[in-house]
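First the structure, in the form of structure tokens, and then the observations on it.
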Amino acid sequence: MATDETIGRINELYKKQKAEGLTEEEKEEQKKLRSKYINSIKENLRSQLENIEVVSPEEYEKRTKEHEHNCNCHEHNN
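My numbering applies: residue 50 is where the sequence shown begins, and numbers increase by one.
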């Protein structure tokens, strides 16, 4: 997961790159941090996609009517 510290460092290196340029070590650090950030975004998206459930309009209607009280329990005995 990309932390605020990681994102802050990415931004810091970007600003320095624009202002005065980066050393080879800083360029390598920037590359690694950006890769870490992108991988974190990919993992997050993958996790979200794995939790999506596609249902028919009928099933959606049934579920929303059963849960009008917003309990999020998804199990009701009728």
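Each residue gets a CB set at the ideal place from its N, CA and C atoms; glycine is no exception. Remember, it's a predicted structure, so these values are computed and weren't measured experimentally.
- Going by DSSP, Gly70 is part of no alpha helix (DSSP H) at all; its letter is neither H nor E.
- Going by DSSP, Glu102 is part of no alpha helix (DSSP H) at all; its letter is neither H nor E.
- Within the same chain, Gln79, Leu82, Arg83 and Tyr86 come within 8 Å of Ile59 by CB-CB distance, once the 5 residues on both sides are set aside.
- Assigned with DSSP and collapsed to three states, Thr55 falls in helix.
- From the listed residues Ala68, Tyr63 and Asn88, the smallest Cα separation to Lys76 is found for Tyr63.
- No Cβ-Cβ contact shorter than 8 Å links Met50 with Ser96.
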